[in-house]
Structures are given as structure tokens and as C-alpha cells.
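Numbering (mature numbering (1 follows the signal peptide of the UniProt record, and there is no 0)), first residue to last: -25 to -1, 1 to 508. Quick reminder that beta carbons are idealized off the backbone N, C-alpha and C, glycines included. Treat the numbers as computed from the prediction; the structure is a model and nothing was measured.
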Amino acid sequence: MEFFLRAQFLIPLISVLALFPLSESNNNQFCDATNIYEDSECNVMSSVSSKILIKGGTVVNAHHKEVADVYIEDGTIVAVQPNIKVGDAIKVIDATGKFVMPGGIDPHTHLAMEFMGSETIDDFFSGQAAALAGGTTMHIDFVIPVDGSLSAGYEAYVEKAKRSCMDYGFHMAITKWNETVSEEMEIMVKEKGINSFKFFLAYKGSFMVNDELLMEGLKKCKSLGALAMVHAENGDAVFEGQKRMIELGITGPEGHALSRPPVLEGEATARAIRLASFVNTPLYVVHVMSIDAMEEIARARKSGQRVVGEPVVSGLLLNDSVLWDPDFHFAARYVMSPPIRAAGHGTALQAALAAGVLQLVGTDHCTFNSTQKALGIGDFRKIPNGVNGMEERMHLVWDTMVASGQISVTDYVRITSTECARIFNIYPRKGAILVGSDADIIILNPNSSFKISSKSHHYRTDTNVYEGWTGKGKVETTIAGGRVVWENDELKVIPGAGKYIEMPPFSYLFDGIDKADAEYLSSLRAPIKRSTT
């Protein structure tokens, strides 16, 4: 195989060293300054060929699968049909007996985020590189405002994302409300390609918004055709629960789960759903972790309300017994919010995902190393919240949902890629293997096995919450933007090669909203004209 290094990356080694800051926790295979020019597992070069033919695989879209070839030129899918013939100079990948699918899209990540007195250990290069090794070819990260300013937050994240090696988009968090924020929301939608805004109902004293702010935000989202998203936990009650645990002398990681039980997630989910119904705007509930929240979503969807439920991999697979481990460092790695729940919640969420009650799978990837997690020794409230998932998501969802027989391979494509693209209005450019779509493609071998380990993952963190997990179904090849970036267990990525994907407003979730509003107004039978005499 031939390789090339783009001219703009032929820079002095000292500059390259600056691009790859080393972490004392970095004991894994993540590419650092010592190996970036070597023929190593993480090579910063990519395939020279801009023309690729994938032959003989089963091409899977959310609506259909067929045995066909896929021909790629210059980052775009040019043909999908049987028996495509090409010349000798074109790279050919044999996918016989394997599934050829759209690359995964992770709707929920936090890279290089400042949070709880620290900053997530994975930045836009390391997190994305790991994601590519796991078959995800795009993600949507959350921009955090700077002192409430959306514009300042956006500019900060543009800077953070300069070293991106795969395509990405932005959500925007709303942490305060005034006329300036309202005006900036309009700028974000109309000029910056952001079509979703997140409201935290938790994290009292920092990100949390009250119901008045949420109502204003919901109304503004509706007017802009932007999707309102909520982190649904009752922040006031969580604050009280935390105080209660400390008073009881429960200061370890188990106190985190005990202070914010499922009922508080269910309450906040129900409240957000009802307020969204009152405004008549679509709602997206991030990281659904409990039966309580899932049942509120199911009830709303059954009534016809447009509510999207996003479980995350940790909530589907893990249970909270790990938080009671006597080793603080082991238990702390699993602290996230909402918390990982007791056994039974995960299987119920899997069933809801299979039944269509929940629509797509994210990760809430938000990684901190052991040193950072140790900030909470003696007080669970100070443990930085977050777990990994960008590299593992595609494998674990396949093993848990497809290999087990819970969903079909077409449903797998829907919940890991296509539905995300549709919700955020970038389909069929993303989330499909169709003529004209971006060449973001994975080749998955259902007969190959995978094993997860912090010693072989591509993150900067020194732990992995799925340590030792094995399963069937391995992503053997990842193609991003028409480049082979993962093949033969080798990662070949270019800092700066990723593109920012603008996401236009008014996705399919807004279809018919105006008609529903008109029907509501006509149903009021008001105002009544009354005599004043």
C-alpha cells in the first residue's frame, strides 16, 4: 500500500510534538510524538488512492440491503451496483461475506470540554482517531458557551476542532437567557450551521436552567426550526440528594448514584416533555438511562408527540454494581450523569431500542483519566462525570443488539447512523450508501471477534469502562471522506483532515408543526365577543 503526507503537514518536528501533548496516563496505543512518522499502529498518513472499489459485500442501508459493489471517487460514492469493473490503478477491497455499511454517527460527545474543575482528556484529534478505529466517521459535539456567550463558545470550539481528523458538527448548550442569547441563537442557526440547542435541567449552580428559561428556549427553538435537547434530571432534587448522602457519611462513588435516583430522571423527562408539548415543538432527550425516563418517552410518542429518545452505550450495557466496588479508582471511572442504573434498566432500554421507542444510540463520551477522577476522593460530588464510548459503540451495539438477534442489520444502520443523519438534517449526505453520499463507510466482519482493553484502545485515558469485553462483529475497515483510515488494525489519520458539517434547520421532525398550530388555534373557540353593556 502507498502512503502520502499532505504538504501542509510537512512541518518541523518540534511543531509536531506540540500537536501531540503527552499525558502521564497515556500507557496505550494512542499515537504520540514518538511514533507518528513510524509504520506503527497509528500512522498519520492515509491511502494515496482517491478511487476505491469495494467488491462483493452486502451493502446495508436503513431501508434495504443487497450484494453489490461500491465505487468511490474523491470522497464521494459514485456507484452502487453489482459487478463494477475498474482499471488496475484503483484500490480494490474484497468485502465478500462482510457487511458494507454507512460509517457510524455519534450524536453525543464531549471532547476538550472544561468541566468540574478539569478538562476532558480526549481532544478533537485523539477522540476522533479512536472513533475511526471503531467505525464511527462523524460525531456531533456540544459547544459550551463562554460566560453565557454563544458566539464566544462557538469560536473557542472552532479553535479546539482545528486538528480534527474526521467530520463533525456542533450542538450548542444554553446556560443563561437574555435578549443577546436569543439573538445569538439565530446567528448560530442561520450562519454557523447549528440546528440544535441543549438545556441542562441538572448541574445546579453551573449549567442548570429553570423552567422559565427552558420555556423561552423551547419557543426560540421552534421559531428557528432548531431541535431542543434536554439533559433530564431534577437538579434541585439532585442537590438535596447530594447533601443527604454527605450527611449520612456516604462520600464514595456509590453516593453519586444514590443521590440522583431514576425517579428524578423520570420527573425531569416528564416535565420537559410536557413543556415541549405546550409549546408544540420537537424534543430530544439525551442519554436516557432509566426505565422511568424511557416510559415517559414511550407515553409521549404513543400520544403522537414528537419526542426522540437517545440511550447511550453505557446505559444499555452496564449496571451500577461497579459503583460499590471497594477500590475507589475502579468505581470512580464509572461515575457519569445520569448515573449508570441498577441491573434491569439496561435490558429494558435495549428492548425499547429494538421496539423503536428509543431511536438512536450515542455515547456521551466524556473521558477523564485516573488522576482527574481522583479529585473526588472523599467527596463524590467532585468526581468529574463521564465515561468513554466513541471507539466501542459500533462493536458493542452490534454484539448486544444484532448478534443477539434483538434487531436486524438494517435496524443497526438506522440506530447507529441513518436516524442521526435524518434528525440533524444531513441525510442522505451522511448515514447512507447511495450515489452522491459522502464516502464514509465501514466494512464489518460478523465472524470476527473483538476484545476491548485500555492497553490497546486509542484514547488518551488510562482506563476503559468496558475493559475485557469481548464479542462478535468487528469493524475491519473504516473509510472516512474517501480515505482508508482503519485497515489491518492500523490507524492512518491526518490532523486537520476532518470537515465541519453544517446542519440546516427544520428537519423532518418539524413537518406539519404549522398545521398542528393552526388546528390548536381553531380549537380554542376564543376570544368570545361579549357585550360590555
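Beta-carbon gap between residue i and residue j smaller than 8 Å
i: G364; j: T338; result: yes
i: I408; j: I52; result: yes
i: S265; j: H320; result: yes
i: H206; j: F172; result: no
i: H179; j: G210; result: Going by the sequence as given, residue 179 is Lys instead of His. A contact, by the Cβ cut-off of 8 Å.
i: K30; j: D44; result: yes
i: V362; j: S289; result: yes
i: G456; j: D415; result: yes
i: A104; j: L466; result: yes
i: A201; j: N170; result: yes
i: R389; j: A37; result: yes
i: T342; j: Y441; result: no
i: I418; j: T385; result: no
i: A148; j: F182; result: yes
i: P314; j: F90; result: no
i: G109; j: R368; result: yes
i: residue 513; j: R235; result: With the chain covering -25 to 508 only, the question about residue 513 has no answer from this structure.
i: F399; j: G144; result: yes
Unbroken beta strand (DSSP E) run spanning residue i, endpoints
i: D295; result: Run containing D295: none; DSSP gives neither H nor E here.
i: Q103; result: Not the beta strand (DSSP E): Q103 falls in the alpha helix (DSSP H), residues S101 to A108.
i: A491; result: No beta strand (DSSP E) contains A491, which is instead part of the alpha helix (DSSP H) from I488 to S498.
i: M204; result: L202 to H206
i: L28; result: K26 to V35
Residue span of the alpha helix (DSSP H) that contains residue i, given as start and end
i: M141; result: Segment: none, M141 is in no alpha helix (DSSP H) and carries neither H nor E.
i: H370; result: R368 to V372
i: H231; result: P228 to S234
i: D97; result: It is not in any alpha helix (DSSP H) - D97 carries neither H nor E in the DSSP assignment.
i: A54; result: Looking at the DSSP string, A54 is not in any alpha helix (DSSP H); the run it does join, the beta strand (DSSP E), is T51 to Q56.
i: D437; result: Per DSSP, D437 belongs to no alpha helix (DSSP H) and is neither H nor E.
i: R249; result: P237 to V254
Alpha-carbon spacing of residue i relative to residue j, whole angstroms
i: G192; j: S124; result: 15 Å
i: A493; j: F253; result: 14 Å
i: D437; j: K430; result: 8 Å
i: D261; j: E285; result: Before going further, note that residue 261 is Val rather than Asp in the sequence given. Cα-Cα distance, rounded: 5 Å.
i: S15; j: D464; result: Confidence is the limiting factor: at S15 the pLDDT is only 38, short of 50, which leaves the residue's position unreliable and the question unanswerable from this model.
i: L473; j: S497; result: Position check: residue 473 holds Gly in this sequence, whereas Leu was assumed. Roughly 49 Å separates the two Cα atoms.
i: A501; j: D186; result: 27 Å
i: N422; j: S383; result: 16 Å
i: S101; j: I272; result: 34 Å
i: R276; j: E394; result: 16 Å
i: L223; j: K151; result: 33 Å
i: E159; j: I115; result: 20 Å
i: I68; j: I454; result: 11 Å
i: S139; j: W299; result: 37 Å
i: Q347; j: K197; result: 39 Å
i: E477; j: D49; result: 20 Å
i: K195; j: G279; result: 22 Å
i: G78; j: D122; result: 35 Å
i: R316; j: R249; result: 24 Å
i: C6; j: G471; result: Because C6 sits at a pLDDT of 44, beneath the cut-off of 50, its placement in the model cannot be relied upon, and the point is left open.
i: V133; j: Y475; result: 9 Å
i: V42; j: K405; result: 21 Å
i: L258; j: T507; result: 43 Å
i: T112; j: M269; result: 28 Å
i: R505; j: A491; result: 28 Å
One or two residues paired with residue i in a DSSP bridge
i: M113; result: I80 and D142
i: T453; result: I417 and W461
i: V261; result: In DSSP, V261 forms no bridge with anything.
i: Y483; result: In DSSP, Y483 forms no bridge with anything.
i: A43; result: G32
i: V377; result: For V377, which the question treats as bridged, DSSP gives no partner whatsoever.
i: D69; result: K30
i: T445; result: K426
i: S431; result: S431 is not bridged to any residue.
Heavy atom of the ligand MN within 7 Å of residue i beta-carbon
i: M264; result: Of the ligands one can find in the structure shown there are none, so the ligand MN has no counterpart to examine.
- request: Quick one: which unbroken beta strand (DSSP E) runs of 3-plus residues sit fully inside the region 270 to 349? Chain order, please.
  value: 282 to 284
Contained beta strand (DSSP E) runs [length at least 3] in the region 141 to 184, N- to C-terminal order: 142 to 149 and 171 to 175
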